[in-house]
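Adding 5 to a residue's 1-based position in the sequence shown gives its number in my numbering.
Every residue gets a Cβ at the ideal spot worked out from N, C-alpha and C, and that includes glycine.
This one's a predicted model, so the numbers in the text were calculated from it and none came from an experiment.
In what follows, a structure is listed as structure tokens, so that the remarks can point back to it.
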Amino acid sequence: MKLDYQQALSRVTEAQGAWLVHGGEPLLEQNLLSAFREHWQSQGIERQRFELQNVQDWKQVFAALNSLSLFSSQLAIEVHGNIKPDAQSLKLLKSYLQDPMDNFLLIVFPKQESQSLKSAFFQAIEANAAVVALSAYGAQQQQRILQIEAEKIGIRLTTQAWQWLIFNHENNLLSARNTLLELADSFSDLAQIDIPELEQSVQDQSRFSTFDLGDACLKGDLAQAVKILNFLIESGEASPLIFWVLQKEMRLILQLFEQPQNALQLGIWKNKLSLYQNALRRFTPQQLLTWSDLLLRTDQAIKGLGDENPDDLLLQLVCALSGKKIFEH
Numbered sequence: 006m007k008l009d010y011q012q013a014l015s016r017v018t019e020a021q022g023a024w025l026v027h028g029g030e031p032l033l034e035q036n037l038l039s040a041f042r043e044h045w046q047s048q049g050i051e052r053q054r055f056e057l058q059n060v061q062d063w064k065q066v067f068a069a070l071n072s073l074s075l076f077s078s079q080l081a082i083e084v085h086g087n088i089k090p091d092a093q094s095l096k097l098l099k100s101y102l103q104d105p106m107d108n109f110l111l112i113v114f115p116k117q118e119s120q121s122l123k124s125a126f127f128q129a130i131e132a133n134a135a136v137v138a139l140s141a142y143g144a145q146q147q148q149r150i151l152q153i154e155a156e157k158i159g160i161r162l163t164t165q166a167w168q169w170l171i172f173n174h175e176n177n178l179l180s181a182r183n184t185l186l187e188l189a190d191s192f193s194d195l196a197q198i199d200i201p202e203l204e205q206s207v208q209d210q211s212r213f214s215t216f217d218l219g220d221a222c223l224k225g226d227l228a229q230a231v232k233i234l235n236f237l238i239e240s241g242e243a244s245p246l247i248f249w250v251l252q253k254e255m256r257l258i259l260q261l262f263e264q265p266q267n268a269l270q271l272g273i274w275k276n277k278l279s280l281y282q283n284a285l286r287r288f289t290p291q292q293l294l295t296w297s298d299l300l301l302r303t304d305q306a307i308k309g310l311g312d313e314n315p316d317d318l319l320l321q322l323v324c325a326l327s328g329k330k331i332f333e334h
């Protein structure tokens with residue numbers, strides 16, 4: 006079956022077998038993944054995460070699904086990447102979908118073109134489980150999603166303010182949500198927020214964004230990247246949002262290393278292709294091999310697992326993605 010974002014969010018607790026989610030909206034992806042992780046944690050379900058760097062990684066995914074630990078009766082596996090399984094792994098997927106037991110497979114892909122959605126891989130999941138499109142088309146749908154975010158943090162906007170917010174953020178839901186968080190910090194005493202408060206808030210936070218951080222790292226400008234990271238942390242930017250951008254860029258670099266001829270299919274825009282290619286040249290294969298462990302440790306620290314400091318690990322990610330040692334700037 007096919008689901009949109011809001012349908013998927015309402016069915017997290019009843020999800021079975023496998024879901025494949027794809028889209029270009031980081032806010033929607035973060036919200037859906039958070040809902041799944043909270044559900045799994047509340048039910049005592051073991052979670053594992055895999056990063057697809059080549060087609061052979063699919064075999065590890067299905068091996069994990071068939072081998073529960075001694076302490077778990079259920080397993081949820083997140084698979085992140087943009088590599089479809091080969092014929093052999095596709096057979097394993099179809100076999101799993103026929104009898105998933107109580108396990109669950111969540112596959113997270115970037116936005117897919119319509120032709121890609123017609124492939125045997127997507128069709129198998131759509132026929133036996135769920136394909137979720139993480140998109141929000143049109144101002145009304147975007148406003149409905151953002152109103153839920155506003156309700157979570159306890160603020161209300163006038164009709165004119167909503168129109169201004171949607172128009173001025175140019176369909177970037179993540180940026181719009183960040184503005185809502187800034188409004189909640191600055192104007193929590195107001196019954197309703199109007200355009201003047203929005204203009205002030207956007208002006209206050211316009212110095213740097215998480216996307217500026219990603220670009221600085223890709224350029225290898227460690228001094229600027231550290232400056233932006235410190236600004237984001239000090240201004241209260243949520244650690245999961247900073248992490249999302251860094252791990253997205255690192256994942257693309259890893260995939261480009263494995264598939265240098267498939268940059269556009271990986272979701273890299275033409276006008277940014279040279280930026281990624283130049284960044285890739287800075288790394289040795291040995292450096293790239295260290296990234297998965299660092300990403301996992303950072304993800305766990307942000308969730309409060311372990312003793313490591315999330316800010317320190319974010320700094321290590323910035324240094325790794327910039328291709329320089331931590332004190333080299």
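- Residue nearest to glutamate 83 within the set Ser39, Ser47, Ser119 is Ser39 (criterion: CA-CA distance).
- At the C-beta level, leucine 218 and valine 250 come within 8 Å of one another.
- Among the bridge pairs identified by DSSP, isoleucine 112 is matched with Leu25, Val84.
- Counting only unbroken stretches of 3 or more residues, the beta strand (DSSP E) elements lying wholly within the segment 135-191 are 135-139, in sequence order.
- Out of Ile150, Arg256, Ile258, Ala196, the CA that lies nearest to the CA of asparagine 36 is found in Ile150.
- Separation of isoleucine 158 and leucine 203 (C-alpha to C-alpha, rounded to the nearest whole angstrom) is 16 Å.
- Shown here for alanine 23: same chain residues with a beta carbon closer than 8 Å to its own, the five before and five after excluded, namely Leu98, Tyr101, Leu102, Pro105, Phe109, Leu110, Leu111, Ile112, Ile130, Asn133, Ala134, Ala135 in chain order.
- In the three-state reduction of the DSSP assignment, leucine 32 falls in the helix class.
- By the Cβ rule, the segment 222-235 does not count as touching the segment 181-197, because fewer than three pairs are nearer than 8 Å.
- Taking the Cα of leucine 122 as reference, the smallest distance to any Cα among Asp107, Lys7, Pro31, Ala181 is reached at Lys7.
- The C-alpha of glutamine 53 lies about 17 Å from the C-alpha of glutamine 252.
- Residue environment analysis places arginine 161 among the exposed positions, since fewer than 16 neighbouring C-beta atoms fall within 10 angstroms of its C-beta.
- Just so you know, the alpha carbons of leucine 178 and isoleucine 171 end up roughly 8 Å apart.
- The Cβ atoms of histidine 27 and phenylalanine 114 sit closer than 8 Å to each other.
- Annotation for arginine 287: no alpha helix (DSSP H) segment contains it, and DSSP assigns it neither H nor E.
- Between histidine 174 and alanine 166, the C-beta gap is not smaller than 8 Å, which leaves the two residues out of contact.
- Judged by DSSP in its simplified three-state form, arginine 256 adopts helix.
- Exposed is the label assigned to asparagine 276, since fewer than 16 other Cβ atoms lie within 10 Å of its Cβ.
- Arginine 54 has Glu83 as its beta-bridge partners, per DSSP.
- Apart from the 5 residues on each side of it in sequence, aspartate 316 sits with its Cβ closer than 7 Å to the Cβ of Ile238 in its chain, given in chain order.
- Taking 8 Å as the cut-off, the beta carbon of phenylalanine 216 is found no closer than this to the beta carbon of isoleucine 307.
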